[in-house]
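These notes are about the structure you will find just below.
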Amino acid sequence: MTSSVFSAERFLFTPATPETNAVSTIFAFPNEYTVGITSLGYQVVWATLAMRADVQVSRLFTDMHESLPKEPELFGFSVSWELDYVNILNLLEFLEVPIRTAARDDHHPIVFGGGPVLTANPEPFADFFDVILLGDGENLVGNFIDAYKAVRNADRKTQLKALAQVSGIYVPSLYEVEYNSSDGAIKFISPTSSEIPTVVRKQTYRGNVLSASTVVTQKAAWENIYMVEVVRSCPEMCRFCLASYLTLPFRTASIEDSLIPAIERGLAVTNRLGLLGASVTQHPEFENLLDYISQPKYDNVRLSIASVRTNTVTVELAQTLAKRDTKSLTIAVESGSERLRQIINKKLHNDEIIQAAVNAKAGGLTGLKLYGMVGVPGEEAEDLDATVAMMREIKKAAPGLRLTLGCSTFVPKSHTPFQWFGVNRQAEKRLQLLQKQLKPQGIDFRPESYNWSIIQALISRGDRRLSHLLELTRNFGDSLGSYKRAFKELKGKLPDLDFYVHANWSTEQVLPWHHLHGSLPQSTLQKHLAEATSQFKPSEQLLTANG
Numbered sequence: 004m005t006s007s008v009f010s011a012e013r014f015l016f017t018p019a020t021p022e023t024n025a026v027s028t029i030f031a032f033p034n035e036y037t038v039g040i041t042s043l044g045y046q047v048v049w050a051t052l053a054m055r056a057d058v059q060v061s062r063l064f065t066d067m068h069e070s071l072p073k074e075p076e077l078f079g080f081s082v083s084w085e086l087d088y089v090n091i092l093n094l095l096e097f098l099e100v101p102i103r104t105a106a107r108d109d110h111h112p113i114v115f116g117g118g119p120v121l122t123a124n125p126e127p128f129a130d131f132f133d134v135i136l137l138g139d140g141e142n143l144v145g146n147f148i149d150a151y152k153a154v155r156n157a158d159r160k161t162q163l164k165a166l167a168q169v170s171g172i173y174v175p176s177l178y179e180v181e182y183n184s185s186d187g188a189i190k191f192i193s194p195t196s197s198e199i200p201t202v203v204r205k206q207t208y209r210g211n212v213l214s215a216s217t218v219v220t221q222k223a224a225w226e227n228i229y230m231v232e233v234v235r236s237c238p239e240m241c242r243f244c245l246a247s248y249l250t251l252p253f254r255t256a257s258i259e260d261s262l263i264p265a266i267e268r269g270l271a272v273t274n275r276l277g278l279l280g281a282s283v284t285q286h287p288e289f290e291n292l293l294d295y296i297s298q299p300k301y302d303n304v305r306l307s308i309a310s311v312r313t314n315t316v317t318v319e320l321a322q323t324l325a326k327r328d329t330k331s332l333t334i335a336v337e338s339g340s341e342r343l344r345q346i347i348n349k350k351l352h353n354d355e356i357i358q359a360a361v362n363a364k365a366g367g368l369t370g371l372k373l374y375g376m377v378g379v380p381g382e383e384a385e386d387l388d389a390t391v392a393m394m395r396e397i398k399k400a401a402p403g404l405r406l407t408l409g410c411s412t413f414v415p416k417s418h419t420p421f422q423w424f425g426v427n428r429q430a431e432k433r434l435q436l437l438q439k440q441l442k443p444q445g446i447d448f449r450p451e452s453y454n455w456s457i458i459q460a461l462i463s464r465g466d467r468r469l470s471h472l473l474e475l476t477r478n479f480g481d482s483l484g485s486y487k488r489a490f491k492e493l494k495g496k497l498p499d500l501d502f503y504v505h506a507n508w509s510t511e512q513v514l515p516w517h518h519l520h521g522s523l524p525q526s527t528l529q530k531h532l533a534e535a536t537s538q539f540k541p542s543e544q545l546l547t548a549n550g
């Protein structure tokens with residue numbers, strides 16, 4: 004079973020033959036193979052390691068693995084989804100590695116991790132990882148391997164101290180956190196010795212050659228897809244958006260040096276192409292890219308595009324996609340309320356959204372999926388009415404177009420201006436209200452689970468004390484009830500669920516990621532926060548002042 008899965012892969016890179024003394028490494032994705040192999044981040048880091056003759060790398064997933072070394076020196080994880088922490092702990096146990104760093108000794112591998120979840124806020128997982136790589140992997144992965152090789156024969160303590168000197172490498176055990184009380188807020192975070200940097204900065208890759216698939220397989224969740232990263236980050240800077248703020252600055256791949264060569268490589272082995280990025284159509288030469296893909300020689304290519312910016316949906320774009328086997332488009336609108344979109348810095352008007360739907364239909368697409376959000380800071384009851392009214396107008400303007408509104412609850416994310424806000428307690432009722440009003444209109448309303456949003460917020464704003472809670476919930480199951488039960492068991496040892504999830508935090512508070520610097524300083528985030536709250540209604544402003 005396993006060998007047939009790996010033999011179905013078509014590589015788009017040439018692995019090196021490992022040297023005799025290569026660093027034995029396991030690189031894991033804490034989920035099933037079909038999910039892991041569809042992650043572009045995982046693919047690229049694995050290929051980066053596999054192309055080095057001084058590294059012998061084996062892949063590990065929850066349901067299968069390549070031949071694993073008996074005594075690995077490095078054991079890495081790419082983490083894309085918060086709840087995969089359960090699988091991280093399971094895989095550590097599978098390889099008989101203690102799940103807490105404090106219990107590991109010189110005979111155990113250095114356990115490292117990277118990816119969006121750990122870059123955003125690694126603190127809930129800090130006690131499970133020896134090393135965390137913050138930011139873009141392009142240079143960081145190589146720097147990590149080089150730094151490790153320099154201290155390869157030293158004891159574990161010496162290794163970790165040396166690794167902590169490398170930009171972007173965070174060694175959690177070398178920082179101590181002091182709390183005002185065992186169940187209170189953080190007092191301060193500081194390095195355990197003067198030789199350790201006081202802050203760790205996320206690494207930003209500034210090149211104009213972005214990522215592309217290193218492997219194509221029919222066993223991937225998106226069968227035989229070849230993925231190309233068109234842009235990185237997003238210039239819009241919606242105040243809640245981690246994908247924009249954490250990954251700044253906005254970078255675009257060079258058409259000549261990056262995109263066309265990558266697409267030619269991929270389409271030589273498959274006819275399914277995915278263009279990735281938070282705002283793909285905002286690439287300054289996007290139309291040239293579409294012209295290139297529209298050549299007759301690519302007539303059999305199936306094209307899919309990640310979420311596109313609403314005002315870039317032209318009839319031509321819709322036609323190209325319809326011809327390339329795409330049935331629908333996805334656009335993020337957040338709300339039908341112009342006022343609320345101003346608060347969150349979503350530079351978009353309802354007439355542009357309606358025009359996008361009209362253009363999508365005129366170009367031959369059969370569906371349009373919109374992404375919305377409830378519980379956004381500053382939201383009032385009339386903002387929900389505005390969303391319902393907008394959906395009705397779209398339906399009227401583009402009859403016959405299948406409309407879907409996917410809707411999530413606002414979750415505070417680190418390194419964004421809205422990190423200080425908690426989850427709105429009314430959000431679940433607001434999702435139900437939208438469901439009630441939109442269903443009779445024949446609009447497919449798909450709410451994301453409110454309970455899942457609560458768990459997401461907990462991990463998003465969590466500190467190190469959560470590691471004990473995460474271990475407990477692993478045995479209880481992954482429902483919200485399990486987390487509540489674990490909080491009861493740990494009462495007095497950490498703040499309650501409310502503190503992490505619903506409380507509006509003071510801007511004076513020491514945040515769990517205070518020592519981990521993202522793309523923008525806190526002062527800039529506070530300025531953006533002030534711009535947003537200045538547009539709140541008086542009742543909401545009073546609430547934030549008391550928060």
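Per our numbering: the sequence shown = residues 4 to 550.
Using N, Cα and C, we set each Cβ at its ideal position, and we do this for glycine too.
For this session: Below 7 angstroms CB to CB, which residues in the same chain sit around G495 once its five sequence neighbours on both sides are set aside?
Result: What you label residue 495 is simply residue 492 of the sequence shown in a count that begins at 1. For G495, same chain residues with a beta-carbon under 7 angstroms away, outside a window of 5 residues either side, are S185 and D186 in chain order.
Exercise. Taking the continuous beta strand (DSSP E) assigned at G117, which residues delimit it?
Worked result: Counting from 1 along the sequence shown, the entry for residue 117 is found at position 114. I113 to G117 is the span of the beta strand (DSSP E), which, as asked, contains G117.
Exercise. At which residues does the alpha helix (DSSP H) containing D87 begin and terminate?
Worked result: Within the sequence shown, the letter at position 84 stands for residue 87. No alpha helix (DSSP H) contains D87, which DSSP labels as neither H nor E.
Exercise. Which residues share a DSSP beta bridge with D149?
Worked result: As a working mapping, residue 149 is identified with position 146 in the sequence shown. Residue pairing for D149: DSSP places it in no beta bridge.
Exercise. Taking just the CA atoms, how far does G140 sit from L213?
Worked result: Here residue 213 is taken as the residue at index 210 of the sequence shown, counted from 1. Here residue 140 is taken as the residue at index 137 of the sequence shown, counted from 1. Distance between the alpha carbons of L213 and G140: 11 angstroms.
Exercise. Exposed or buried, which one is F191 when buried takes at least 16 other CB atoms within 10 Å?
Worked result: As a working mapping, residue 191 is identified with position 188 in the sequence shown. Counting the other CB atoms within 10 Å of its CB gives F191 a total below 16, which places it among the exposed residues.
Problem set entry | Simplified DSSP assignment, three categories, for E431 | Working through the sequence shown from its first residue, we reach residue 431 at position 428. Taken through DSSP and simplified to helix, strand or coil, E431 comes out as helix.
Exercise. With C-beta atoms as the reference, is S83 less than 7 angstroms away from P125?
Worked result: One-based indexing of the sequence shown puts residue 83 at position 80. One-based indexing of the sequence shown puts residue 125 at position 122. Not in contact: S83 and P125 (Cβ atoms no closer than 7 angstroms).
Exercise. Quick one: what does DSSP say D447 is sitting in, helix, strand or coil?
Worked result: Numbered from its first residue, the sequence shown carries residue 447 at position 444. Residue state, collapsed to three classes: strand.
Problem set entry | Helix, strand or coil at T369 according to DSSP, with G and I counted as helix | Taking the first residue of the sequence shown as position 1, residue 369 is located at position 366. Coil at T369, not helix or strand.
Exercise. Between which two residues does the alpha helix (DSSP H) containing R395 stretch?
Worked result: If you number the sequence shown from 1, residue 395 lands on position 392. Residues A384 to A400.
Exercise. Can you give the Cα-Cα distance for V176 and V134, rounded to whole angstroms?
Worked result: Mapped onto the sequence shown, residue 176 falls at position 173. Mapped onto the sequence shown, residue 134 falls at position 131. Contrary to the premise, residue 176 reads as Ser rather than Val in this sequence. If I take the Cα positions, the gap works out to 9 angstroms.
For this session: For P101, I'd like the list of residues in its chain whose CB is within less than 8 angstroms of its CB, leaving aside the five on either flank, ordered along the chain.
Result: Taking the first residue of the sequence shown as 1, we reach residue 101 at position 98. Answer for P101: L95, R107 and H111, listed in chain order.
Exercise. Could you check where the beta strand (DSSP E) with S27 kicks off and where it finishes?
Worked result: Residue mapping note: residue 27 aligns to position 24 of the sequence shown, counting from 1. Start and end: V26 to A31.
Exercise. In three-state terms, what does DSSP make of G140?
Worked result: Start at 1 with the first residue of the sequence shown, and residue 140 comes out as number 137. For G140, the secondary structure class from DSSP, reduced to helix, strand or coil, is helix.
Exercise. Can L406 and I357 be called in contact, C-beta distance under 7 angstroms?
Worked result: Position 403 of the sequence shown, counted from the start, is the residue given in the question as residue 406. Position 354 of the sequence shown, counted from the start, is the residue given in the question as residue 357. Going by C-beta atoms, L406 is not nearer than 7 angstroms to I357.
Exercise. Are there three or more Cβ pairs, one per stretch, closer than 8 angstroms when the region 299 to 317 is compared with the region 264 to 282?
Worked result: Result yes; three or more Cβ-Cβ pairs closer than 8 angstroms.
Exercise. If you run the structure through DSSP and keep just helix, strand and coil, what is A535?
Worked result: Sequence index remark: in the sequence shown, residue 535 carries index 532 (1-based). When secondary structure is reduced to three states using DSSP, A535 falls in the helix class.
Exercise. If we call anything under 7 angstroms between Cβ atoms a contact, is W554 one with W508?
Worked result: With the chain covering only 4 through 550, there is no way to say anything about residue 554.
For this session: Take the Cβ of P299 as the centre, count every other Cβ of all protein chains shown within 10 Å, and call the residue buried at 16 or more, exposed below.
Result: As a position in the sequence shown, residue 299 is number 296, starting the count at 1. Exposed: under 16 other Cβ atoms inside 10 Å.
Problem set entry | Outcome for Q206 when other beta-carbon atoms lying within 10 angstroms are tallied against a minimum of 16 | Position 203 of the sequence shown holds residue 206. Buried is the call here.
For this session: Pick helix, strand or coil for A106, following the three-state DSSP scheme.
Result: In the sequence shown, residue 106 corresponds to position 103, counting from 1. Under the three-state reduction of DSSP, A106 is assigned to helix.
Exercise. Between V114 and F128, is the Cβ-Cβ spacing less than 7 angstroms?
Worked result: The count along the sequence shown starts at 1 and reaches residue 114 at position 111. The count along the sequence shown starts at 1 and reaches residue 128 at position 125. In this structure, F128 does not lie closer than 7 angstroms to V114 by Cβ.
For this session: Would you identify the three-state DSSP class for I266, choosing helix, strand or coil?
Result: Residue 266 sits at position 263 when you count from the first residue of the sequence shown. I266: helix per DSSP, three-state reduction.
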